[in-house]
Amino acid sequence: MSDSPLILTQDGAIATLRLNRPAALNALDPEMARLLAEHSETLRRDPALRAVLLVGEGRAFMAGGDIRHLSTDPGPTTADKLILNLHRGLANLARLNAPVIAACQGAVAGAGFSLAMAADFVLAADDAKFTTAYARIGASLDGSSSWTLPRLVGHRKAMELALLSPLIDAAEALRLGLVTRVVPAAALMDEATALARALAAGPTHAFGRMKALLQAASGNTLEQQLELERLLFGAGAATADFAEGTTAFLEKRKPTFLGR
Numbered sequence: 197m198s199d200s201p202l203i204l205t206q207d208g209a210i211a212t213l214r215l216n217r218p219a220a221l222n223a224l225d226p227e228m229a230r231l232l233a234e235h236s237e238t239l240r241r242d243p244a245l246r247a248v249l250l251v252g253e254g255r256a257f258m259a260g261g262d263i264r265h266l267s268t269d270p271g272p273t274t275a276d277k278l279i280l281n282l283h284r285g286l287a288n289l290a291r292l293n294a295p296v297i298a299a300c301q302g303a304v305a306g307a308g309f310s311l312a313m314a315a316d317f318v319l320a321a322d323d324a325k326f327t328t329a330y331a332r333i334g335a336s337l338d339g340s341s342s343w344t345l346p347r348l349v350g351h352r353k354a355m356e357l358a359l360l361s362p363l364i365d366a367a368e369a370l371r372l373g374l375v376t377r378v379v380p381a382a383a384l385m386d387e388a389t390a391l392a393r394a395l396a397a398g399p400t401h402a403f404g405r406m407k408a409l410l411q412a413a414s415g416n417t418l419e420q421q422l423e424l425e426r427l428l429f430g431a432g433a434a435t436a437d438f439a440e441g442t443t444a445f446l447e448k449r450k451p452t453f454l455g456r
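Numbering (the numbering used here), first residue to last: 197 to 456.
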């Protein structure tokens, strides 16, 4: 395997972003953040992309930001070497039509927690442990967690998770709505791959419109959201996948979506 801290591979229409600093529990360093921005931009420009897997090599998904880097010359310049590219990468992933699936095992902390929460689906191994962790080093939230957390668990619980940084096991993460599903650790990659394949066979552009609607909902009035629904439904009605879906329904067969 490459010694790059973040590896992009593609298997047909499914891309995998592999966090690859296992000796450091995949802690986010400047090079990994740079590659996240770079690789996510590559994915954003790929019209054939239909699903993305986000995985961590070794026994952890990601244990947070690289504290050694952050402590070498504390201040905004050092922090920005991580955060600017992390945020560019997250924004690119959020704009994808293709669903993003995070497969999480072991430590899912700090920037790793934020990265996982930004995914569209989160599969947690039964050995996964989640924590925001920022307060433990005297830091505030980054990686979009201040945006995702209240939407996932509500304002009150988000405040608790952010300020107290409790360690949450996979079962509790599922109960809170932080993860989509809990699976045996040994089956994590098989389950994540199966989900990616199922999603890759779906109507990718319709998925992208659904993502855009859900992302916009909390900031819109009811009237604004209704209008956005109307506009995006109309755009979707002109696609090949909509024609296939409606035809398959009338013909009482399973649709074959092409992602366009």
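Using N, Cα and C, we set each Cβ at its ideal position, and we do this for glycine too.
Under the assumption that Leu410 contacts Leu428 (Cβ atoms under 8 Å), give the Cβ distance between them as a whole number of angstroms. Rounded, the Cβ-Cβ distance is 11 Å, inconsistent with contact.
Quick check on this structure: which residue in Ile364, Asn216, Arg347 and Ala290 has the alpha carbon closest to the alpha carbon of Ala320? For Ala320, the closest alpha carbon among the candidates Ile364, Asn216, Arg347 and Ala290 is that of Ile364.
Since Asp207 sits in a beta bridge, which residues does DSSP pair it with? DSSP lists Ile210 as the bridge partner or partners of Asp207.
Kindly indicate which three-state DSSP category Val375 falls into: helix, strand or coil? Here DSSP, grouped into helix, strand and coil, assigns Val375 to coil.
Would you mind listing the alpha helix (DSSP H) stretches within the segment 297-328 that are 4+ residues and don't spill past its ends, in chain order? Fully enclosed alpha helix (DSSP H) runs of 4 or longer: 307-313.
Ends of the alpha helix (DSSP H) at Ala287? Taken as a continuous stretch (DSSP letters only), the alpha helix (DSSP H) holding Ala287 covers Pro272 to Arg291.
How do the segment 395-415 and the segment 294-302 stand: do at least 3 beta-carbon pairs fall below 8 Å, yes or no? In the pairwise beta carbon analysis, the segment 395-415 is classified as touching the segment 294-302: at least three pairs are separated by under 8 Å.
The segment 202-215 in contact with the segment 244-258 per 3-pair CB rule at 8 Å: Counting Cβ pairs under 8 Å, three or more are found: they touch.
Go ahead and pull the three-state DSSP assignment for Ala294. Of the three classes helix, strand and coil, the one that applies to Ala294 here is coil, per DSSP.
Whole-angstrom distance between Arg347 and Met258, CA atom to CA atom: One alpha carbon belongs to Met258, the other to Arg347, and they sit about 22 Å apart.
Going residue by residue through the segment 351-439, where are the continuous alpha helix (DSSP H) segments of at least 4 residues, counting only ones entirely within it? Counting only runs of 4 or more, we get 351-360, 366-372, 384-396, 400-413 and 418-432.
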